[in-house]
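Novice: Sharing a structure below in structure tokens format, with a few things to ask.
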Amino acid sequence: MITFIFSERPNHPTARHGLDMLLMAISLEQDASALYVGDGVWQLVEPVDGLDPLKKVALLNDVFDFENIFTTEASLINAGLSPKHLHLRVPVRVLSALEVDALINQNSRHTIHFGVDPHHLAGSS
1 MITFIFSERP NHPTARHGLD MLLMAISLEQ DASALYVGDG VWQLVEPVDG LDPLKKVALL
61 NDVFDFENIF TTEASLINAG LSPKHLHLRV PVRVLSALEV DALINQNSRH TIHFGVDPHH
121 LAGSS
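Per the UniProt record's numbering, residue 1 is the first one in the sequence shown, and the count goes up by one each step.
Right, dumping it as structure tokens:
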């Protein structure tokens, strides 16, 4: 499995590049997952200002039936978000720190980081 890790806000270039790579991987039927940590959780929230650099996020669920989209409770809390009151673009599963560790270190053959230092994950999960 390839795990794509996103940690930048939606207007950051790596957010768009990462989304394009994720869409390409799943369109080629690669086993993949997406983990949104830190400021990356904002990529999952519907924009309120009309500007939407990541409008293709909806393709993950609408076109590809992609369900391996994850975040962490710590990332939501640090962003001031609540899993119960979010208007998310796609369905997301909230993982514990142990589940994040398993996803990255046991289930993934490859990880691709978009804007995050791999050592930063311990503080975000």
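Quick reminder that beta carbons are idealized off the backbone N, C-alpha and C, glycines included.
What you are looking at is a predicted structure, and each value in this text was computed from that prediction instead of being measured.
#1: Report the rounded CA-to-CA distance for S124 versus G38, giving the unit in angstroms.
#2: Let's test the definition: count the other Cβ atoms within 10 Å of the Cβ of A102 and tell me whether it reaches 16, buried, or not, exposed.
#3: Rounded to the nearest angstrom, how far is the Cβ of R93 from that of I112, given a contact under 8 Å?
#4: Check the C-beta distance from E29 over to R89 and give it rounded, since I have them as a contact under 8 Å.
#5: Got a sec, what are the start and stop residues for the alpha helix (DSSP H) R16 sits in?
#6: Assign I5 to buried or exposed, taking buried as 16 or more other Cβ atoms, counted over all protein chains shown, within 10 Å of its Cβ.
#7: Would E8 be called buried (16 or more neighbouring beta carbons within 10 Å of its own) or exposed?
#8: Leaving aside the five residues before and after A32 along the sequence, list all residues of the same chain whose C-beta is less than 6 Å from its C-beta, in chain order.
#9: Quick one: is G50 buried, meaning 16 or more other Cβ sit within 10 Å of its Cβ, or exposed?
#10: Secondary structure at V90, three-state DSSP: helix, strand or coil?
#11: Return the bridge partner residues of A32 from the DSSP annotation.
Specialist: In terms of the structure at hand:
#1: Within the sequence shown, residue 124 is the residue found at index 124, counting from 1. Within the sequence shown, residue 38 is the residue found at index 38, counting from 1. Low local confidence applies: a pLDDT of 47 at S124 is under 50, so the model's placement there is unreliable, and no value is given.
#2: Numbered from its first residue, the sequence shown carries residue 102 at position 102. That one is exposed.
#3: As a first step, residue 93 is located in the sequence shown; it is residue number 93 there, counting from the start. As a first step, residue 112 is located in the sequence shown; it is residue number 112 there, counting from the start. Not a contact, Cβ separation roughly 19 Å.
#4: As a working note, residue 29 is residue 29 in the sequence shown. As a working note, residue 89 is residue 89 in the sequence shown. Not a contact, Cβ separation roughly 22 Å.
#5: Here residue 16 refers to the residue found at position 16 of the sequence shown. That run of the alpha helix (DSSP H) goes 13-27.
#6: Translated into positions along the sequence shown, residue 5 becomes position 5. Counting Cβ neighbours within 10 Å, I5 comes out buried, since at least 16 surround it.
#7: Reading the sequence shown from its first residue, position 8 is the one you call residue 8. Result: buried.
#8: Here residue 32 corresponds to residue number 32 of the sequence shown, with the count starting at 1. I2, A25, I26.
#9: For this step, residue 50 is matched to residue 50 along the sequence shown. G50 is exposed by the Cβ-count criterion.
#10: Along the sequence shown, read from residue 1 onward, the residue named residue 90 stands at position 90. Three-state result, V90: coil.
#11: Here residue 32 refers to the residue found at position 32 of the sequence shown. Looking at the DSSP assignment, A32 forms a beta bridge with I2.
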